[in-house]
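Below you'll find the structure, written out as structure tokens, and then a few comments.
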Amino acid sequence: MLRVAIVDDEAALRRALARLLADYEVAAFDCARSFLARVGDGERFDVILTDLMMPGMSGAELHQELARIAPEQVARVIVLTGGATTDGACRFLDAHDGLVVEKPFERAEVVALVRSFEAWPRLQRVRLAT
596 MLRVAIVDDE AALRRALARL LADYEVAAFD CARSFLARVG DGERFDVILT
646 DLMMPGMSGA ELHQELARIA PEQVARVIVL TGGATTDGAC RFLDAHDGLV
696 VEKPFERAEV VALVRSFEAW PRLQRVRLAT
């Protein structure tokens, strides 16, 4: 079963995505920092859905930090955006060669993108001893 991380500051969207992806093992995070803390502790995900515009740490900053601490996870990121409204977000999207989904999105589109990761080799999940 795929392990899917949802990183979004909007609780309603996190819940909706979790319901939509109920066939998978879903972990929801309300901010980038809590997600990155789990990755820093050794947790790995098959798919990572992240909002681009979040308070505190943006999806672009999450992507940059993820590349530093777990570079093998970067290709598993799907960026969700309702339209980039800052210069930094626009620059990130212009340079980003990964998957981007515009909000509002079609549910079938998100499910199909997540399902496409089933063909990827399975991750070996290792939890680091604390």
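Residues in the sequence shown are numbered consecutively from 596, following the numbering used here.
Even for Gly, the Cβ is constructed at its ideal location relative to N, Cα and C.
Note that the structure is predicted; figures quoted are calculated from it, not measured.
Can you have a look at residue i and say buried or exposed, based on whether 16 or more other CB atoms are within 10 angstroms of its CB?
i	result
Ser-629	exposed
Ile-664	exposed
Arg-598	buried
Arg-720	Interpretation of Arg-720 is limited by its pLDDT of 41, a score under 50 that renders its predicted location unreliable; the figure taken from the coordinates is listed afterwards. It counts as exposed.
Ala-623	buried
Arg-610	exposed
Provide the residue span of the beta strand (DSSP E) that contains residue i, from first to last.
i	result
Phe-630	Not the beta strand (DSSP E): Phe-630 falls in the alpha helix (DSSP H), residues 627–635.
Val-642	642–646
Glu-697	694–697
Based on the DSSP output, what are the partners of residue i in its beta bridges?
i	result
Arg-601	Contrary to the premise, residue 601 reads as Ile rather than Arg in this sequence. Ala-623, Leu-644, per the DSSP bridge assignment.
Val-674	Thr-645, Val-695
Return the chain-ordered list of same chain residues with a C-beta closer than 8 Å to the C-beta of residue i, the five sequence neighbours on each side being excluded.
i	result
Ala-606	Asp-625
Phe-712	Leu-597, Asp-641, Val-642, Arg-671
Gln-668	Val-634, Arg-639, Phe-640, Ile-643, Leu-661
Leu-694	Val-672, Ile-673, Val-674, Leu-708
Could you pull the start and end residues of the alpha helix (DSSP H) that residue i belongs to?
i	result
Leu-615	606–615
Val-706	702–711
Gln-659	654–664
Please list, in chain order, all residues of the same chain as residue i whose beta carbon is under 6 Å from its beta carbon, the five residues on each side excluded.
i	result
Ala-703	none
Gly-651	Cys-626
Asp-646	Asp-603, Gly-654, Leu-675
Phe-640	Arg-598, Ala-600
Leu-631	Glu-660
Tell me which same chain residues have a C-beta within less than 7 Å of the C-beta of residue i, skipping the five on either side of it?
i	result
Glu-697	Thr-676
Tell me whether residue i, by its Cβ, gets closer than 7 Å to a heavy atom of the ligand GDP.
i	result
Leu-708	For the structure depicted, the ligand GDP is absent and the ligand set is empty, with no information on it obtainable.
Checklist entry - Does the stretch 652–661 come within contact of the stretch 608–620, defined as at least 3 CB pairs closer than 8 Å? => result no
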